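Numbered per this note's numbering, the sequence shown spans residues 165 to 412. Cβ atoms here follow ideal geometry from the backbone N, Cα and C, with glycine treated the same way. Quick caveat: nothing in here was measured; it's all calculated off a predicted structure. Shown next, in structure tokens, is the structure this report addresses.
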Amino acid sequence: MSYNPAPNILKDCIILITGAGDGIGRAVSIACARHGATVILLGRTTTKLEAVFDEIIDSGFPEPGIVPMDLATAGLEEISALAEVIDSRYGLLDGLLHNASILGERVPFDHYGIDQWQQVMQVNLNAVFLLTRILLPLLQRSDDSRLLFTSSGVGTTPRAYWGAYSVSKYATEGLAKLLADELANTSSVRVNIINPGATRTAMRAEAYPAEDPTTLKTPEDLLPLYLYLLGPDSQLDHGKTFTSDWLD
Ligand code: NAP
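Written as structure tokens, this is what we have:
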């Protein structure tokens, strides 16, 4: 589908994006700002978030917020404090993109590190639950908000050796579908899943070190789909999974 978002399609929207300092999250953050959104940039490496902040400001887009947060350790207190800051500064959220994830190791199951398993589940699933649980009331204050979860091909088809990453994406899909069902008739929050597919980022290079990255689509190639799913044109979409095939 060919989709050309209107220049100001996200004007005055407040959108929180996790993993905003690099890869897909970085590109989506800048694109949302270009289309008028005030983006709250959440990530674990402050210098990367600052670089995205500077790029947005230098381009003359709305001033973003920066939230340095390590989702491997962030708990109820830290995320509740974030919710309070968003509440006092913006009053609501129009979008939440769960994008940050870690890959973990790819080894036979009986070699999978116990700590590694817990860390991947913490970042990719438990932090997603906690952020959603605490920020949902702010999304519900918007007349038309978007809650977007990020999955992967290994979140619907298991792949040997992918361990906790694959299981965390299955669980993410489950969480998204459960919430979609729960919110369908009771809320204006639209809940969907995106599987970006093979994309030229650090995570992909870590997973497939021998691959020629120039053969892959870039995060920028995905932007129409992300802008669609985070903006008002996806108002009728709920409980669905989108892949980059949508762009064909
Ligand atoms: P990426 O380049 O590795 O970027 C991931 C981002 O998440 C980085 O900004 C990273 O921060 C942040 N992050 C990681 N751990 C974090 C933590 N503990 N706390 C806060 N932030 C953290 O990955 P990507 O390829 O853009 O992937 C984005 C999403 O797409 C992920 O959910 C991934 O599973 C999914 N996906 C990607 C592909 C692909 O081919 N790229 C395919 C399918 C699905 P730092 O930069 O500071 O490390």
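Cα-Cα separation between residue i and residue j, rounded to whole angstroms
i, j, result
"Val192", "Phe273", "34 Å"
"Leu180", "Gly229", "9 Å"
"Cys157", "Leu393", "Beyond the ends of the chain as shown, which are 165 and 412, falls residue 157; an answer cannot be given."
"Trp281", "Gly403", "28 Å"
"Asp222", "Glu214", "12 Å"
"Lys341", "Phe313", "10 Å"
"Leu300", "Glu269", "32 Å"
"Pro171", "His199", "5 Å"
"Leu339", "Glu241", "22 Å"
"Gly239", "Leu294", "8 Å"
"Ala366", "Tyr329", "15 Å"
"Thr182", "Thr379", "26 Å"
"Glu370", "Val318", "16 Å"
"Ser244", "Thr202", "20 Å"
"Leu413", "Gln304", "The question about residue 413 has no answer here: the residues shown for the chain are numbered 165 through 412."
"Ala247", "Ile357", "23 Å"
Coil, strand or helix - residue i by DSSP
i, result
"Lys341", "helix"
"Leu180", "strand"
"Leu257", "coil"
"Ala232", "Residue identity differs from the one stated: residue 232 is Pro in this sequence, not Ala. If DSSP states are grouped into helix, strand and coil, Pro232 belongs with the strands."
"Phe293", "helix"
"Leu240", "helix"
"Leu311", "strand"
"Phe225", "coil"
Close Cβ partners of residue i (< 7 Å) along its chain, the five nearest in sequence each way excluded
i, result
"Leu386", "Ile188, Pro360, Thr363, Ser408"
"Asp216", "It should be pointed out that residue 216 corresponds to Val in this sequence rather than to Asp. Once the five neighbours on either side are set aside, the close Cβ partners of Val216 are Ala184, Gly185, Arg190, Ser193, Ile194, Leu205."
"Gln399", "Asp308, Arg354"
"Ala291", "Leu235, Ala238"
Contact set for residue i: own chain, Cβ-Cβ below 8 Å, skip 5 residues either direction
i, result
"Lys381", "Gly361, Ala362, Thr363, Arg364, Ser408"
Contact set for residue i: own chain, Cβ-Cβ below 6 Å, skip 5 residues either direction
i, result
"Leu343", "Val355"
"Asn288", "Ser265, Ser332"
(request) Identify every run of the beta strand (DSSP E) within the stretch 317-404, keeping only runs that are complete inside it and at least 3 residues long; order them along the chain. (result) Taking only runs of at least 3 residues, the beta strand (DSSP E) segments lying wholly in the stretch 317-404 are 354-359.
(request) Output the residue ranges of the alpha helix (DSSP H) runs that lie fully inside the stretch 183-209 and measure 4 residues or longer, sorted by chain position. (result) 187-198
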